[in-house]
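Take the sequence shown: its letters are residues 169 to 585, numbered as in my numbering.
Take a look at the structure set out below.
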Amino acid sequence: MQIQKPKGTYDLTPKEAFQRTYLENFIRKVFDNYNYREIRTPTFENTKLFKRSIGEETDIVSKEMYTFNDDEFTLKPEMTAPVIRAYIENRMFNDAPLQKLYYISNMYRRERPQAGRYREFSQFGAESIGSADVTADAEMIFLADAILKGLGLKNYKIRLNTIGTIAERSVFIDALKAYLSDFSAELSNDSKRRLEKNPLRILDTKDPKDLRILENAPVLTDFLNDSTKVQFEKLLSILKELSDRIHVDSRLVRGFDYYTSTTFEFVTDTIGAQNALLGGGRYDMLAEQLGAGQTPAIGFAAGMERIEMALKAESVDIPKETEIMLYICSAGESPRERVLEIINKLRAEGIKCETDFLGRSVKSQMKDANRMNAKYVIVLGEDEINNDTAELKRMSDGNTQKISGLKQIINYLKNED
Ligand code: AMP
């Protein structure tokens, strides 16, 4: 029986992998431009790291983690906790008071797969660690926007909210719980479960009946004190050039426990139900929770697959694989070894070239060159090799010219680049 890939995973064939790498390189350039530096951490971490940071009551920790070795290790479901763990463990706070870090890496969650939702998926994201200032929040949102815009996306909105301090939120949660308790029999099963364990998450519901009940529920904004509100207004005014995209949405709460004050999500209506391209926010309590001193921080994480889906939906062109400059067909048996010698010399000069390794006829080698979209072709037989000459054929118009000596070929093709 043929073995297939596990559910919720995917392959990237060479054409797709080329485009993924293009996107990654573009994203890296934007991060670099904003002076964010790359951080890499292990694929698996101590399970306690995620339990302690993301929170035991979240979907991720309660049911989606790939945990092994008697519960000791877990494949990383997200990167914020590993980055903060690494920041503390490597005492990066000693190097500079503000660390601006980015990552591009695969994540693992045992979710129910659907369009835009995988069990192994790729995220890129950034963490700005050390500043409580609202300008750091603004930089993070400008950065996320610069990446999506730079990639060519137009059709997205920025949902923005503040969820206040932990103290403000806990008063709100009590009020929300009290209100929803009166409707507990009518809530969806998911929301019923969350009512006890994680009531804030009920605000994320998509269930129409839940949404109707929520219409008259207490609103978080009413529980925020003046200083939180002033900070949020300040953020909005710094972000004024994005104001067309920004939608303040008091229902935007994030799934993880560690978020405080600013939260945001970039959403699009072009890719179906899983419409969040990226999500982020401030998490001033996380580093302390993991054993460091007080360390304010803010970050975001974006889903690569969803961005690819959105690029496709908006018909954004992504460059295709680079073409082969020269295909050398060999005519006859002995030239094949000589062709490989020649090709090595061309490659050493940085010229992308290919030849036949299957001993095919010249006709089918020409077909091969065509299929690969080679820009030029030469056919080398014994005579050509002995005389060190070749006829260089331009595939776009069939134009040919005689060239003598490898050096001349190299010079000619290098000028073509
Ligand atoms: P989160 O880490 O849950 O805040 O998610 C951040 C972003 O990662 C989301 O906005 C999605 O774009 C992406 N994402 C999260 N979970 C998945 C998944 N299972 N499959 C694909 N993308 C995901």
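Positions of the beta carbon are idealized from the N, C-alpha and C atoms, including for glycine.
Any non-hydrogen atom of the ligand AMP within 7 Å of residue i CB
i, result
"Q291", "yes"
"A470", "yes"
"A294", "no"
"A444", "yes"
"Y324", "no"
"Y204", "no"
"E240", "no"
"G284", "yes"
"G223", "no"
"G467", "no"
"R277", "yes"
"R474", "yes"
"E456", "no"
"E184", "no"
"E246", "yes"
"G447", "yes"
Sequence-distant residues of its chain with Cβ nearer than 8 Å to residue i (five each side left out)
i, result
"Q457", "R220, S221 and Y426"
"R208", "Y271 and S273"
"T396", "T330, G332, T333, E336 and S429"
"G459", "I256"
"R253", "T209, E213, L217 and L458"
"I486", "Q187, Y190, L191 and L479"
Residue j beta carbon less than 8 Å from that of residue i
i, j, result
"G298", "P464", "yes"
"R205", "K268", "yes"
"A611", "L494", "Coverage of the chain is limited to positions 169 through 585, which leaves residue 611 absent and any answer about it impossible."
"V199", "A294", "The amino acid occupying residue 199 in the given sequence is Phe; Val does not appear at that position. Yes."
"G284", "M472", "no"
"V421", "T431", "yes"
"C521", "I511", "yes"
"L195", "I315", "One point to set straight first is that residue 195 is Ile, not Leu, in the sequence displayed. Yes, Cβ-Cβ distance for I195 and I315 is below 8 Å."
"I577", "M540", "no"
"D375", "S359", "yes"
"E433", "R327", "yes"
"R594", "T177", "The chain is shown only over 169 to 585; residue 594 falls outside these bounds and no answer can be derived."
"V302", "L410", "no"
"Y234", "R280", "no"
"S356", "I466", "no"
Contacts around residue i, its chain only, beta-carbon distance under 7 Å, and the 5 residues preceding and following it disregarded
i, result
"N362", "Per the sequence shown, the amino acid found at residue 362 is Arg instead of Asn. Closer than 7 Å at Cβ, skipping near neighbours: R369 and I370."
"L445", "L316, Y324, F434, V435, T436, A470, G471, R474, I475 and A478"
"K570", "T557 and E559"
"M260", "Q267"
"Y347", "A385 and P386"
"S230", "E224"
"N653", "For residue 653 there is no data in the structure shown, the boundaries of the chain being 169 and 585."
"A300", "D452 and P464"
"N201", "none"
Residue of the options minimising C-alpha distance to residue i
i, options, result
"A385", "K402, D358, N357 and S349", "S349"
"M275", "T248, N258 and A264", "T248"
"G133", "G566, N237 and L560", "In the structure as shown, the chain begins at 169 and stops at 585. Residue 133 is therefore absent and cannot be evaluated."
"N554", "L514, A444, M260 and S502", "S502"
"G447", "G461, F424, A455 and S564", "F424"
"F289", "D394, A300, D179 and K488", "D179"
"I519", "R528, K575 and I571", "K575"
"D372", "I571, E584, D417 and E307", "D417"
"D390", "V339, D378, F310 and T177", "V339"
"E509", "H415, R528 and L548", "L548"
"N262", "A441, G461, E246 and G223", "G461"
"Q282", "A499, I439 and R562", "I439"
"I414", "R280, A306, Q172 and A300", "A306"
"N583", "E517, G527, Y347 and D524", "E517"
"K322", "E224, I406, A481 and V507", "A481"
"A185", "A343, D394, K488 and R280", "K488"
"I546", "V507, E279 and R380", "V507"
"M563", "N579, E550 and Y544", "Y544"
"N538", "R504, G566, E552 and F525", "G566"
"I381", "P367, L388, E354 and E505", "E354"
"M308", "F468, S529, K513 and M534", "F468"
"Q187", "D524, A343, T490 and K513", "T490"
"T226", "F236, E246 and N237", "E246"
"R504", "D378, D524 and T568", "D524"
Cβ neighbours of residue i in the same chain (closer than 6 Å, five flanking residues each side left out)
i, result
"V484", "G320"
"E192", "I272"
"D239", "T215"
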